[in-house]
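For the sequence shown, my numbering assigns the number 80 to the initial residue and increments by one for each residue that follows. Down below is the structure, laid out as structure tokens.
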Amino acid sequence: MRWRTGLLAMALAAAACSSGQTAAQPRHAPAATPTPRATAARTPAPTPTPQLPPYAIESLRARAYPGGQLTLGDQMFRGAGFTKYHMSWPSNGQTMTGTISLPDGPGPFPVVVVNHGFIPPERYWIGQDSGIFGDPMAAHGFISVAPNWPGYSGSGPAPADLPQIVGQLVTALDLVTAVSALPQADRSRIAFVGHSNGGGISELAMVVDPRIRAVVLQAPVSTDMADNARMWWVQRPDSLAGLGTPDSNPDGYRHLSPRNYLASWEPPVLIVQGTVDHTIPAAWTNATYTALQQAGVESKLMWVPGGDHDLVGANLDSAVSAQEAWIRHALGM
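The structure is reproduced here in structure tokens:
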């Protein structure tokens with residue numbers, strides 16, 4: 080693909096909202112202080128504090144997401160009040176690709192990151208499962224960006240040391256840094272939208288990165304990552320990296336599950352799901368909503384009558400309208 084650089088600059092390092100540094104620090108206990116040696120007996124060495132794995136939410140909160148220069152590629156098409164382009168940006172030493180829909184005018188415009196669901200890479204086409212959620216918002220004055228996940232459509236490979244969903248999260252948060260540097264972007268107003276597995280990426284993002292100010296989960300996977308592993312991941316062992324299975328590593332799954340990290344300061348969350356979704360169990364969605372409510376997170380659950388996992392027609396229109404209204408409310412627009 081031929082790329083050309085357009086009207087882009089690196090994010091200011093002093094701007095906390097675009098620095099890629101998250102506010103939280105590692106929640107490790109301080110190392111034990113050695114006891115002075117006794118004269119008559121040897122004092123045992125202190126037990127070191129266990130190091131959390133890189134996929135733990137505590138580790139992800141402490142990680143930097145430097146991003147880099149976002150490069151515009153070829154124009155894909157002109158929409159009603161916006162133009163859609165191919166794009167690329169750096170993440171984890173690789174070049175990632177995706178799409179960006181830029182509204183007409185100088186901005187600043189709020190930003191929506193749209194995370195598509197799981198699709199086998201050989202069947203995926205650029206913009207699949209993301210344009211339907213992002214382009215209508217670009218037509219209404221939002222910058223909409225959608226990553227092609229690691230290994231998809233020209234994106235570099237996934238990090239070998241991270242479970243697949245965590246590598247996708249890192250890609251998305253590096254994209255937040257890159258897009259925040261655009262002169263048209265309002266980096267104080269960033270929302271995440273995710274469908275299915277993309278909802279799981281968005282669930283992680285909302286408990287990891289304080290730059291995320293609004294979240295819409297369209298038929299999302301479970302906030303208990305053990306549910307997702309038992310349903311899908313264990314059938315694709317290459318997606319697990321060092322995580323293992325829920326039975327072999329229950330503590331690892333606890334540290335990767337957003338449900339265990341919800342707090343009242345999380346961004347407002349809207350969940351949208353069809354009543355006849357054949358992919359995501361309603362019990363998962365109800366459990367996520369209950370956990371949000373119990374944590375004091377502003378949240379709403381919207382059931383779409385007769386809707387399946389992939390909403391179409393009037394059901395999709397209803398979901399996207401509710402999505403935009405929720406994001407505008409959460410961003411104070």
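Ideal placement from N, C-alpha and C gives every residue a C-beta, glycine not left out. From a predicted model like this one, the values you see are computed outputs, not experimental measurements.
Inter-residue distance for Asp-387 and Ala-257 is about 34 Å (C-alpha atoms, whole angstroms). Beta-carbon to beta-carbon, Leu-410 and Ala-218 are separated by about 17 Å, too far to satisfy the 8 Å threshold. In its chain, beyond the 5 residues on either side, Gln-263, Ala-264, Asp-265 have a beta carbon closer than 7 Å to the beta carbon of Pro-187. Here the C-alpha atom of Pro-242 lies approximately 32 Å from the C-alpha atom of Val-383.
If you check the CB distance, Asn-227 and Thr-162 do not come in under 8 Å.
No Cβ-Cβ contact shorter than 8 Å links Val-355 with Ala-398. Taking C-alpha positions only, Val-286 is separated from Ala-342 by approximately 8 Å. In this structure, the alpha-carbon of Pro-189 lies about 8 Å from that of Ala-270.
Between Ser-223 and Val-193, the gap from beta carbon to beta carbon is short of 8 Å. If you check the CB distance, Gly-213 and His-274 do not come in under 8 Å. In the three-state reduction of the DSSP assignment, Arg-268 falls in the strand class. DSSP places Ala-370 within a helical segment (H, G or I) once states are collapsed to three. Apart from sequence neighbours up to five positions away, the residues of its chain that approach Asp-306 with a beta-carbon distance below 7 Å are Trp-363, ordered along the chain.
When DSSP assignments are scanned along the stretch 302 to 336, the uninterrupted stretches of alpha helix (DSSP H) that are 4 or more residues long and fall wholly within it turn out to be 304 to 310, 329 to 335. Counting C-beta pairs with one atom in each stretch, the stretch 369 to 384 and the stretch 159 to 173 have fewer than three that are closer than 8 Å, which means they do not touch. Here the alpha carbons of Pro-325 and Arg-309 stand approximately 7 Å from one another.
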